[in-house]
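> Pasting in a structure now, in structure tokens, and then I'll have a few things to ask.
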Amino acid sequence: MNYQPVAYVLKKADRILIWPFIIFFGGSALLIFLAEKYQLPASWGVVCFLSLLAAAVMVGSYKLNKWRLWAYQEVDDLEELLRRERKKQIFKKSELPGKWAWMSARTGSS
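Residue numbers are given in the UniProt record's numbering: position 35 of the sequence shown equals residue 35, and the series is strictly consecutive.
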């Protein structure tokens, strides 16, 4: 089996996970253009906007899970991948931090 280096696997993640953003922002731009051109009701815009958001989240979730399965099978150093992936995350536990975490980060105290 031909294993891939960690840098290649992480680059592939960046290339794959850009598609949900393209779907959401490209679809939103198209929605704004069509709403302006055809004078669509605001309720249609809200429904389409929420549909685009749901589609982007679903595509992103699917692609992320598919990439993780592929990466865990193909990477040459799994521990290095996990370490660099954790280092790249914005939030540590994949959840939004509370109000006090934001305030302590802003003031610089721990």
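A virtual CB, placed ideally from N, CA and C, is assigned to each residue, including glycine.
1. Quick one: residues in its chain with C-beta nearer than 8 Å to the C-beta of Trp44, no 5 flanking neighbours on either side, listed in chain order?
2. Assuming Ile16 and Lys63 form a contact by the criterion Cβ under 8 Å, report the distance between their Cβ atoms to the nearest whole angstrom.
3. Going by DSSP, name the residue or residues bridged to Val47.
4. With 8 Å set as the bound, which would you pick, yes or no: does the beta-carbon of Tyr72 sit closer than that to a beta-carbon of chain D?
5. Please state whether DSSP places Gln39 in a helix, a strand or coil.
Working from what's here:
1. Ala35
2. 5 Å
3. As DSSP reads the structure, Val47 sits in no beta bridge.
4. The displayed structure is made up of one protein chain only, and chain D is not part of it.
5. coil
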